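Notes follow the structure.
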Amino acid sequence: MLKRIFILNTDDRRPWLKIILWWEFRRILYNFLLIVFGILALTILSFIVKDLWSFFSPPIFFLIGTGLFLVLANVFYTSGWIFQLITRNSSNKFIIRIRPKVFIYGLIFSFGIQLIPSLATGIYTIVTGERIKSRYADFATSEPKFNDIVGEYKLADLSKRQLNFPDSLTNKTIIRFNADSTFAFQYFPDHGMAMDLTSYDIVNATGKWKIEKNQGSWVIPMDFDISTSIKTGQTDSSGFYNSNGFSINKDKPPYEIYITVGDPDSWEGVTLQRR
Numbered sequence: 005m006l007k008r009i010f011i012l013n014t015d016d017r018r019p020w021l022k023i024i025l026w027w028e029f030r031r032i033l034y035n036f037l038l039i040v041f042g043i044l045a046l047t048i049l050s051f052i053v054k055d056l057w058s059f060f061s062p063p064i065f066f067l068i069g070t071g072l073f074l075v076l077a078n079v080f081y082t083s084g085w086i087f088q089l090i091t092r093n094s095s096n097k098f099i100i101r102i103r104p105k106v107f108i109y110g111l112i113f114s115f116g117i118q119l120i121p122s123l124a125t126g127i128y129t130i131v132t133g134e135r136i137k138s139r140y141a142d143f144a145t146s147e148p149k150f151n152d153i154v155g156e157y158k159l160a161d162l163s164k165r166q167l168n169f170p171d172s173l174t175n176k177t178i179i180r181f182n183a184d185s186t187f188a189f190q191y192f193p194d195h196g197m198a199m200d201l202t203s204y205d206i207v208n209a210t211g212k213w214k215i216e217k218n219q220g221s222w223v224i225p226m227d228f229d230i231s232t233s234i235k236t237g238q239t240d241s242s243g244f245y246n247s248n249g250f251s252i253n254k255d256k257p258p259y260e261i262y263i264t265v266g267d268p269d270s271w272e273g274v275t276l277q278r279r
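Heads up: the sequence shown begins at 5 in the numbering used here, then just goes up one per residue.
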C-alpha cells in the first residue's frame with residue numbers, strides 16, 4: 005500500500021496523462037505533510053530560540069512567509085512530474101534508478117529546507133554558547149515583590165552607547181522608584197512619542213508608579229504628573245499615563261527595567277539597572 009502511494013510505476017508504456025494524474029492526486033498529501041513537518045520544525049526551533057513567536061510579530065508577516073513557502077514548494081512539486089515526463093525514455097542508469105522515488109526524494113528535500121532554521125540556530129548556539137532570544141524574552145512572568153522594585157536605577161552601559169548619552173550627565177542622572185509609590189527622575193532621557201533611540205529630550209519628572217500584569221508579563225504603569233525639559237526649561241503639568249512602556253526584566257531580583265521606545269516590534273528600548 006505504501007509503495008503504491010510513494011513510488012511511481014515508471015513503465016514507459018504508461019500514458020503521460022496517467023503520470024501527471026499520479027502526481028496531482030498526491031499534491032494534497034504533499035501539502036499536508038509539509039504542514040505537519042512545518043509544525044514539527046517550528047516546535048524544534050522553539051526549544052532553541054527563546055520566545056520564538058516574538059520574532060513573528062506582527063503575525064501577518066509570518067502568514068505571508070508561510071503562504072510564499074507553500075507556493076514555492078508547489079512550484080517545486082510540479083517540477084517532479086515534469087522531470088518524469090522529460091526523462092521517461094531516458095536510458096541513463098542513474099535516472100532510471102531514481103525516477104520511481106522522485107516523490108520521496110522531493111519530500112525529504114522539502115523537509116530538509118524546513119529544518120534549516122533549526123540547524124542554523126542550533127549551530128550558532130553551540131558555537132557562541134548563547135541562546136538566541138528576543139528583547140522581550142526575559143520579561144518577568146512571576147509577580148515581583150513591590151519592595152524589590154523600590155530603589156535607584158541607572159542607564160545600562162549598552163543603552164548609554166545606543167543613546168549617545170552625554171558622559172557629563174551620567175552622574176547627574178537619578179532614576180528613583182520610591183516606597184510610597186512615587187518616582188523621581190532627574191536628567192532622564194525621555195523619548196515621548198519618538199520612534200528611534202536617538203530622539204529624546206532630557207527631563208526632570210515626577211509621578212506615581214505601580215505593578216501590574218500585562219499580556220503575561222509584569223510591567224510598571226507610570227503616571228507622570230510633572231515633566232520639565234532641561235534644555236528649554238518648559239514644564240508640562242498636564243500629566244501623562246504610560247500603561248505598559250516600562251517592563252520588568254528577569255524573574256528574580258535584582259530586576260532590570262526595559263523601556264520600550266517607539267514601535268514595540270522594532271525592538272528598540274532603554275534598559276535600567278540597579279545602582
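The beta carbon of each residue, even a glycine, is placed where N, CA and C say it ideally should be.
No experiment lies behind these values; they were computed from the predicted model shown.
Do residue j and residue i have their beta-carbon atoms positioned less than 7 Å apart in this structure?
i, j, result
"residue 257", "residue 152", "yes"
"residue 274", "residue 233", "no"
"residue 223", "residue 182", "no"
"residue 204", "residue 179", "no"
"residue 229", "residue 245", "no"
"residue 191", "residue 177", "yes"
"residue 136", "residue 145", "no"
"residue 38", "residue 121", "no"
"residue 160", "residue 189", "no"
"residue 211", "residue 187", "yes"
"residue 81", "residue 128", "no"
"residue 106", "residue 133", "no"
"residue 41", "residue 118", "yes"
"residue 66", "residue 60", "yes"
"residue 266", "residue 272", "yes"
"residue 252", "residue 148", "yes"
"residue 58", "residue 138", "yes"
Just to confirm the assignment, what range does the beta strand (DSSP E) spanning residue i have?
i, result
"residue 181", "178 to 181"
"residue 274", "273 to 278"
Secondary structure at residue i, three-state DSSP: helix, strand or coil?
i, result
"residue 189", "strand"
"residue 93", "coil"
"residue 78", "helix"
"residue 168", "coil"
"residue 104", "helix"
"residue 19", "coil"
"residue 266", "coil"
"residue 4", "Residue 4 lies beyond the range of the chain shown here (5 to 279); nothing can be said about it."
"residue 30", "coil"
Mind checking who residue i pairs with in its DSSP beta bridge?
i, result
"residue 54", "137"
Checking contacts by CB at 7 Å: is residue i closer than that to chain D?
i, result
"residue 165", "No chain D appears in this structure, which consists of one protein chain only."
With a floor of 3 residues, list each beta strand (DSSP E) that falls wholly inside the stretch 192 to 264, ordered by position along the chain. 205 to 213, 216 to 218, 221 to 223, 226 to 233, 244 to 246, 250 to 253, 260 to 264
Please go through the stretch 121 to 164 and give each complete alpha helix (DSSP H) segment of 4 or more residues, from N-terminal end onward. If one requires a minimum length of 4 residues, the alpha helix (DSSP H) runs lying completely within the stretch 121 to 164 are 150 to 153, in chain order.
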